[in-house]
Amino acid sequence: MALRKAIYKLVDKRIPLQQISRVRTLATKIVEKDIATKEGQTHFGFETVDENEKWKKVHQVFETVANKYDLMNDVMSFGIHRVWKDAFMCRLCPTHGTKLLDMAGGTGDITFRYIKYLQNLGPAADGTHSSVTVCDINQSMLDVGQLRAKRLGYTSESSHVDIDWLCADAEKLPIPDDTYNAYTIAFGIRNCTHIDKVLEEAYRVLTPGGRFMCLEFSQIPNDTLQWVYDQYSFQVIPVLGQLVAGQWKPYQYLVESIRQFPNQEKFKAMIEDAGFRQVTYENMTFGTVAIHSGFKI
1 MALRKAIYKL VDKRIPLQQI SRVRTLATKI VEKDIATKEG QTHFGFETVD
51 ENEKWKKVHQ VFETVANKYD LMNDVMSFGI HRVWKDAFMC RLCPTHGTKL
101 LDMAGGTGDI TFRYIKYLQN LGPAADGTHS SVTVCDINQS MLDVGQLRAK
151 RLGYTSESSH VDIDWLCADA EKLPIPDDTY NAYTIAFGIR NCTHIDKVLE
201 EAYRVLTPGG RFMCLEFSQI PNDTLQWVYD QYSFQVIPVL GQLVAGQWKP
251 YQYLVESIRQ FPNQEKFKAM IEDAGFRQVT YENMTFGTVA IHSGFKI
């Protein structure tokens, strides 16, 4: 019955499946192309746009999907994103006294895992206090996160972790140098216009010895598995977006942005260029995603 209602909704909105199919077919055909950009231009998925226009388009995408963001993560990944994020937090291995900047953390998935991880350690023996700043460029995403925190009972008092919410651009953080000893960004950096500036800002706000960690979609080393994944991404995910969230275009962009993101080795080099050392990455689920790590020495 729910599926039937979703299909009726699809028809009522007069967005024919044939239109989605044409876009999906075209996208599948061009995933292997290297789309060049001129100076002052960048990628918005497979579309080439002016740099000052991309953030507006990305902002609109997340304004549109904010209320269904967590549900769609479960639907698109069959819940596997939860395993990735759990592993991500285990690799971070925070301790009492950690000061975390959770960038692009709007709905709170990483922050809530951080709080739970610290709680599982038990109370700090010396009363050391921990903190987290949840930062996102989109206020709608932060609003969803704050509602979730309230529903889960996560407050600074109850969790013994100072929680702040900050709406800011990852490329221009209103944060002093050497403020945090951990910086995380999960499934967010590929949406930024200048990835190099994001990495430079991450380096700037970390204290010496601080750790940068990024969880992001990557390129599967096996060509056959990559082809299968592309078929699922371009042929299925936009349709799921329409049926579940009532929107297919934002999810078309999201899968295109994954294919535009640098592969593991290229992104590792970018992290090193920003100044980080001991840079490593770990593939998960055949390389569908990777956990990247680096230290400010």
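Going by the UniProt record's numbering, the letters in the sequence shown line up with residues 1 to 297, in that order.
Each residue gets a CB set at the ideal place from its N, CA and C atoms; glycine is no exception.
Remember, it's a predicted structure, so these values are computed and weren't measured experimentally.
Under 8 angstroms between the Cβ atoms of VAL132 and LEU215? no
Over what stretch of residues does the beta strand (DSSP E) that includes PRO208 continue unbroken? Its beta strand (DSSP E) spans residues 206-217.
Drop a sphere of 10 angstroms on the beta-carbon of HIS129, count the other beta-carbons inside from all chains shown, and report buried for 16 or more, exposed for fewer. exposed
I'd like to know whether the C-beta atoms of GLY153 and VAL134 end up nearer to each other than 8 angstroms. no
Below 8 angstroms on the Cβ atoms is my guess for ILE137 versus ASP169; work out the distance and round it to an integer in Å. 5 angstroms
Inter-residue Cα distance where the pair is LYS54 and PHE46: Cα-Cα distance, rounded: 12 angstroms.
By Cβ distance below 6 angstroms, which residues in the same chain neighbour ALA202 in space, the five residues on each side in sequence not counted? TYR183 and PHE212
Name, in chain order, the residues that DSSP records as bridge partners for CYS90. CYS90 is not bridged to any residue.
In chain order, what residues of the same chain have a beta carbon less than 6 angstroms from the beta carbon of PRO221, not counting five sequence neighbours either side? Counting only Cβ-Cβ distances below 6 angstroms, and skipping sequence neighbours, we find GLY287.
For THR155, three-class secondary structure by DSSP: coil
Out of curiosity, what's the CA-to-CA distance linking GLY40 and ILE115? Spanning the two alpha carbons is a distance of roughly 40 angstroms.
Please list the terminal residues of the continuous alpha helix (DSSP H) segment that includes THR111. Residues 109-120.
So what does DSSP say about ALA27, is it helix, strand or coil? The predicted model places ALA27 with a pLDDT of 45, which falls under 50 and marks its position as unreliable; any figure quoted below should be read in that light. Note: ALA27 maps to helix in three-state DSSP.
Excluding the 5 residues flanking LYS197 on each side, which residues of the same chain have their C-beta closer than 7 angstroms to its C-beta? Answer for LYS197: GLU171, listed in chain order.
PHE295 by DSSP, collapsed to three states: which one? strand
For ASN191 and PHE267, I'd like the C-alpha separation in whole angstroms. 14 angstroms
By a C-beta neighbour count over all protein chains shown, 10 Å radius and 16 as the cutoff for buried, is GLY145 buried or exposed? buried
With 16 other Cβ atoms within 10 Å as the buried cut-off, status of GLY209: Exposed.
Cβ-Cβ distance between ILE163 and ALA104 below 8 angstroms: no
Within the same chain, show all residues whose beta-carbon is closer than 7 angstroms to that of ASP143, passing over the 5 residues directly before and after it, in chain order. If we look at ASP143 and ignore the five residues flanking it on each side, it has no Cβ neighbours.
Could you please give me the residues that DSSP links to TYR183 through a beta bridge? By DSSP's assignment, TYR183 forms a beta bridge with LEU101 and PHE212.
Out of SER140, ASP178, ILE189 and GLY188, which one is the CA nearest neighbour of TRP165? Minimum Cα distance to TRP165 is reached at SER140.
Can you check whether the CB of PHE187 is closer than 8 angstroms to the CB of PHE234? no
Rounded C-alpha distance that separates LYS33 from GLU265: Bear in mind that the predicted position of LYS33 carries a pLDDT of just 43, short of 50, making it unreliable; the figure below should be weighed with that in mind. LYS33 and GLU265: Cα-Cα distance of roughly 19 angstroms.
Need the endpoints of the alpha helix (DSSP H) that PHE276 sits in, please. From DSSP, PHE276 is part of no alpha helix (DSSP H); its letter is neither H nor E.
If we call anything under 8 angstroms between Cβ atoms a contact, is PRO250 one with THR64? Yes, Cβ-Cβ distance for PRO250 and THR64 is below 8 angstroms.
Where GLU51 and HIS194 are concerned, what is the direct C-alpha to C-alpha distance, given to the nearest angstrom? 9 angstroms
GLU265 by DSSP, collapsed to three states: which one? If DSSP states are grouped into helix, strand and coil, GLU265 belongs with the helices.
With DSSP collapsed to three states, give me the class of THR288. Judged by DSSP in its simplified three-state form, THR288 adopts coil rather than helix or strand.
Report yes if the CB atom of ASN263 is closer than 8 angstroms to the CB atom of GLN219, and no otherwise. yes
Beta-carbon contacts of ILE291 that lie in its chain and below 6 angstroms, excluding the five residues immediately before and after: PHE88, ARG91, LEU215 and GLU282
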